[in-house]
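Working notes, structure below.
2 protein chains.
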Amino acid sequence: MQNRPGRPPRITISDVSTAANVSAATVSRVLNGTAKVDPVLVERVHDAVRELGYRPNAAAQGLARGEWGTIGVLVPDLANPYFPEVLKAVSSVARAHGRRMMVMESDEDPALEYELVEDLMRCCDGVLLCSPRMSRAELAELLDRKHPVVLVNRIVPGLRVPSISVDFVGGMTQVCGHLAQLGHRRAAYLGGPPASWANGERIRAFEAARAFGLDVTVIECGAATSQAGYDAVEPVLRSDVTAILTYNDLVALGAMARLRELGVGVPEELSVIGFDDISLERVAHANLTTVSVPRDELGRRAGEILERLLVNTSDDEPLSLPMTLQVRDTSGPPARHAEEK
Amino acid sequence: MQNRPGRPPRITISDVSTAANVSAATVSRVLNGTAKVDPVLVERVHDAVRELGYRPNAAAQGLARGEWGTIGVLVPDLANPYFPEVLKAVSSVARAHGRRMMVMESDEDPALEYELVEDLMRCCDGVLLCSPRMSRAELAELLDRKHPVVLVNRIVPGLRVPSISVDFVGGMTQVCGHLAQLGHRRAAYLGGPPASWANGERIRAFEAARAFGLDVTVIECGAATSQAGYDAVEPVLRSDVTAILTYNDLVALGAMARLRELGVGVPEELSVIGFDDISLERVAHANLTTVSVPRDELGRRAGEILERLLVNTSDDEPLSLPMTLQVRDTSGPPARHAEEK
DNA sequence: AGCTCGTCTGAAAGCGGTTTCAGACCAGGG
DNA sequence: CCCTGGTCTGAAACCGCTTTCAGACGAGCT
Chain A
2 MQNRPGRPPR
12 ITISDVSTAA
22 NVSAATVSRV
32 LNGTAKVDPV
42 LVERVHDAVR
52 ELGYRPNAAA
62 QGLARGEWGT
72 IGVLVPDLAN
82 PYFPEVLKAV
92 SSVARAHGRR
102 MMVMESDEDP
112 ALEYELVEDL
122 MRCCDGVLLC
132 SPRMSRAELA
142 ELLDRKHPVV
152 LVNRIVPGLR
162 VPSISVDFVG
172 GMTQVCGHLA
182 QLGHRRAAYL
192 GGPPASWANG
202 ERIRAFEAAR
212 AFGLDVTVIE
222 CGAATSQAGY
232 DAVEPVLRSD
242 VTAILTYNDL
252 VALGAMARLR
262 ELGVGVPEEL
272 SVIGFDDISL
282 ERVAHANLTT
292 VSVPRDELGR
302 RAGEILERLL
312 VNTSDDEPLS
322 LPMTLQVRDT
332 SGPPARHAEE
342 K
Chain B
2 MQNRPGRPPR
12 ITISDVSTAA
22 NVSAATVSRV
32 LNGTAKVDPV
42 LVERVHDAVR
52 ELGYRPNAAA
62 QGLARGEWGT
72 IGVLVPDLAN
82 PYFPEVLKAV
92 SSVARAHGRR
102 MMVMESDEDP
112 ALEYELVEDL
122 MRCCDGVLLC
132 SPRMSRAELA
142 ELLDRKHPVV
152 LVNRIVPGLR
162 VPSISVDFVG
172 GMTQVCGHLA
182 QLGHRRAAYL
192 GGPPASWANG
202 ERIRAFEAAR
212 AFGLDVTVIE
222 CGAATSQAGY
232 DAVEPVLRSD
242 VTAILTYNDL
252 VALGAMARLR
262 ELGVGVPEEL
272 SVIGFDDISL
282 ERVAHANLTT
292 VSVPRDELGR
302 RAGEILERLL
312 VNTSDDEPLS
322 LPMTLQVRDT
332 SGPPARHAEE
342 K
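This is the structure in structure tokens:
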């Protein structure tokens, strides 16, 4: 940490203590308010700090305190609007507790996640894993390190970990119910990342959907992007489905774009239903029927759970947030010709 | 850093050195490859590391090395899709250079920015300021600390700082040219955050636009959100403009949503033009005419400039990236009745 | 054989803070 | 007046790692 040329000269606590003519211990006490100090000295310290422009070195503090004052967040994809909104809430909670936020992105690569988390654990007091794609075994291994971790949007049966997620099954069940009620009998589901737990949860809902007479065919389209939706939609048209469900709004929007190009009317000929309710769309032309996730609450609660974990080692029960069906313009009764079949 | 109950027992380098029966110095040398070590010892060290599950403490490394291995990024608003895309690129570049990324968000509050940056400087090797809203004076003060900083999307005349930005003036000039060519004579501009440099740049383009016969009225609508666009659009209709320019695509989409509600045809009755080209929209129903920003390149280049700044103290020249006009479905010739006036 | 030189290793000194610990000082009580 | 007890301060240990420095050792040369 030597003074490199062109770098700011490092002002240390001992510079301050010299200038204020007190010990470093006293400076520390004044700055942290950890003990009572003679007002005269307090004044001198503050003056010196101001004059020298002293800022405590975060690494040194972290080392001495045994706390980094930082939490880490892993997300699969920053380009997916879902995550920045969660990050926003997390960041705000973290800041309220005087912590910084480190962000890492795996770019949907499960293989990368492990080392990223490992790295986060080396420099953060606690880690938030958002929708981790990694295998159960890897996850178990990481959680076993006893480093504070909160799992977001992934539930691992058998592992007792503080976690919070969204009731995807419930959300998708509402979607299915909505379609069934409109009279749909056959639908296709454009899936998301195969490694995604959230994807599996959505699919689970389809079993129950049979009960109310809706048969959903799962179509893997690989990614959670609009491009994937765009590409996947055409083959679906050749089947006899009357509605398309999707992994998320992005996929749905991609599908809609392609349908428009193909001249397929939505919802007259085909209903399209999104998932997540990305706020952008509410106000855009694509007035998508979808189910909404309380992303802000999700991030906020996740941050709070982690914080609680960091101060006392209280073990929160896994939480699940409900989703809300938003019926808008892209869902309607099945097309005539389909009904006639 | 004592072993708190329920926390992972801290494995330190000296645990490893004991287990491997070598000195801590040797362990460090093996792990960092900073010096040649007897293969036998190397083997013993690796075994011990694996067995104990040792991970070097990042704070201690940072302190000893005088480098945190971290870069900081400040953004005004994570919910604005613009920034996560930049972050994505930055994060990737950072990682390629073995650094982590700390993210802070000011939530569009200029007053908060100063302390956030100060905090970033205490724990990051370098800082990326994305579209900082703070005053020139504050900015100058921070830059004066000689801490490596790269300015993104803000140019401060007179301050010599490595910076990269987008040629907003050029982009908006293209927009104006496009409209003028279509025959428009009067337009309204729905502005963004007043403190935003980028907003000022866009407005600068309107002076030149007079030259080709387009008169643009600036309307402050406060924020860069779709809601702001939604709210601002109605009064505009009472004026005689034939086109609406916007601070960004979000504002444009908000305006479009309101126009649709009001039954105003786009582009038949009114042209609407966005800014930024948020990729989501390309594929959504709102096929917005806009100008695109190379966000990925912006983030990547910014990260690289910072990295260069961190290794040698080379002073890059301020860079400016060009924008590209994307003519799509929301711009057209002015409405008949407007022409007749 | 004796010396020099080069290579590899370990001890120890930082890095910049926090916290313990013991001493100085002052007030109050016996 | 001396002793006790409580407060406030500074010296020093410590956090976990890197890096310098000096010493040990073996090889090569005279």
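Going line by line, the protein sequences match chains A and B.
The first sequence begins at 2 in my numbering and counts up one residue at a time.
The second sequence begins at 2 in my numbering and counts up one residue at a time.
Glycine included, C-beta positions come from ideal geometry on N, C-alpha and C.
{"query": "Is DSSP giving A:Arg-283 helix, strand or coil here?", "result": "Because the pLDDT of A:Arg-283 is 49, which lies under 50, any placement of that residue in the model is unreliable, and the number read from its coordinates should be weighed accordingly. Helix at A:Arg-283."}
{"query": "By Cβ distance, which residues of its chain are closer than 7 Å to A:Arg-349, with the 5 residues on each side in sequence left out?", "result": "Because residue 349 of chain A is not part of the residues shown, which for chain A are 2 to 342, the question remains open."}
{"query": "Alpha carbon to alpha carbon, how far is A:Ala-80 from B:Pro-82? Give it in angstroms, no decimals.", "result": "8 Å"}
{"query": "Whose C-beta lies closer than 6 Å to the C-beta of A:Ile-348 among residues of the same chain, with five residues either side of it excluded?", "result": "Any property of residue 348 of chain A remains undetermined from this structure, which presents chain A solely from 2 to 342."}
{"query": "Would you mind giving the Cβ-Cβ distance between A:Gly-253 and A:Val-267, rounded to the nearest angstrom? I have them listed as a contact below 8 Å.", "result": "The question names Gly, but residue 253 of chain A is Ala in the sequence shown. Wrong, their Cβ atoms sit about 10 Å apart, outside the cutoff."}
{"query": "On the three-pair Cβ rule with 8 Å, is the segment 297-304 of chain A touching the segment 90-98 of chain A?", "result": "yes"}
{"query": "Based on Cα-Cα distance, which residue from B:Arg-123, B:Val-242, B:Val-17 and B:Arg-329 lies nearest to B:Ile-147?", "result": "What sits at residue 147 of chain B in the sequence shown is Lys, not Ile. Looking at the Cα atoms, B:Arg-123 is the closest of the given residues."}
{"query": "So, helix, strand or coil for B:Glu-318, using DSSP?", "result": "coil"}
{"query": "Could you tell me the distance, in whole angstroms, from the CA atom of A:Leu-322 to the CA atom of B:Asn-154?", "result": "38 Å"}
{"query": "Write down the C-beta distance between A:Val-151 and A:Leu-140 rounded to the nearest angstrom, noting that I regard them as a contact closer than 8 Å.", "result": "Not confirmed; about 13 Å, so no contact."}
{"query": "Which class does B:Ile-306 belong to by DSSP, given the choice of helix, strand or coil?", "result": "helix"}
{"query": "What are the boundary residues of the alpha helix (DSSP H) that B:Val-237 is part of?", "result": "227-238"}
{"query": "Quick check: what's the CA-CA separation for A:Thr-35 versus A:Glu-305?", "result": "25 Å"}
{"query": "Nearest by alpha-carbon distance to B:Gln-327: which of B:Val-242, B:Met-173 and B:Glu-116 is it?", "result": "B:Met-173"}
{"query": "If you drop the 5 nearest sequence neighbours on each side, which residues of the same chain put their C-beta closer than 8 Å to that of B:Thr-371?", "result": "Since the first residue shown for chain B is 2 and the last is 342, residue 371 of chain B is missing from the structure and cannot be characterised."}
{"query": "Go ahead and label B:Val-17 buried or exposed: buried means 16 or more other beta carbons lie within 10 angstroms of its beta carbon, across all protein chains shown.", "result": "buried"}
{"query": "Under 7 Å Cβ-Cβ, which residues of chain A neighbour B:Lys-37?", "result": "Those do not exist, as B:Lys-37 stays about 25 Å from chain A at its closest Cβ, beyond 7 Å."}
{"query": "How would you write the range of the alpha helix (DSSP H) that A:Leu-88 sits in, first residue to last?", "result": "83-97"}
{"query": "Going along the chain, which residues of its own chain have a beta-carbon closer than 8 Å to the beta-carbon of A:Gln-228, five neighbours each way excluded?", "result": "Gly-255"}
{"query": "Alpha carbon to alpha carbon, how far is B:Gly-184 from B:Glu-340? Give it in angstroms, no decimals.", "result": "Note that B:Glu-340 scores a pLDDT of 46, beneath 50, so its modelled location is shaky; the value from the coordinates is reported in the next line. Using only the alpha carbons, I get a separation of about 8 Å."}
{"query": "For A:Trp-69, go through chain B and note every residue whose CB falls closer than 9 Å to its CB, in chain order.", "result": "Ala-59, Ala-60 and Cys-124"}
{"query": "Would you list, in chain order, the members of the segment 83-94 of chain B that have their beta-carbon closer than 8 Å to a beta-carbon of chain A?", "result": "Phe-84, Pro-85, Glu-86, Leu-88, Lys-89, Ser-92 and Ser-93"}
{"query": "What is the C-beta distance between A:Ile-72 and A:Ala-97, in whole angstroms, given that I count them as a contact (C-beta under 8 Å)?", "result": "Actually they are not in contact, since the Cβ atoms of A:Ile-72 and A:Ala-97 sit about 12 Å apart, beyond 8 Å."}
{"query": "Sort A:Met-103, A:Pro-85 and A:Val-46 by Cα distance to A:Gly-70 and report the nearest one.", "result": "A:Met-103"}
{"query": "Quick check on A:Glu-106: does DSSP put it in helix, strand or coil?", "result": "strand"}
{"query": "Please confirm whether A:Leu-79 has its beta-carbon closer than 7 Å to some beta-carbon of chain B.", "result": "yes"}
{"query": "So, are the CB atoms of A:Leu-289 and A:Thr-247 less than 7 Å apart?", "result": "no"}
{"query": "Alpha helix (DSSP H) containing B:Arg-66: first to last residue?", "result": "59-66"}
{"query": "Does any residue of chain B have a CB that is nearer than 7 Å to the CB of A:Glu-308?", "result": "no"}
{"query": "Report buried or exposed for A:Arg-203, applying the criterion of at least 16 other Cβ atoms within 10 angstroms of its Cβ.", "result": "buried"}
{"query": "Taking Cβ-Cβ distances shorter than 7 Å, what residues in chain A pair up with B:Gly-63?", "result": "Ala-60"}
{"query": "Assuming contact is defined by CB atoms lying nearer than 7 Å, are B:Leu-320 and B:Ile-165 in contact in what I supplied?", "result": "yes"}
{"query": "Give the DSSP bridge partners of B:Ser-166, in chain order.", "result": "B:Ser-321"}
{"query": "Residue ranges of each alpha helix (DSSP H) run of no fewer than 4 residues wholly in the segment 178-228 of chain B, ordered along the chain?", "result": "198-212"}
{"query": "Taking 6 Å as the limit between beta carbons, can you name the residues of its chain near A:Leu-143, skipping five residues before and five after?", "result": "Val-118"}
{"query": "Closest by CA to B:Pro-211, which one among B:Glu-221, B:Val-31, B:Gly-193 and B:Gly-178?", "result": "This sequence places Arg at residue 211 of chain B; Pro is not what is there. Here the closest residue by C-alpha is B:Gly-178."}
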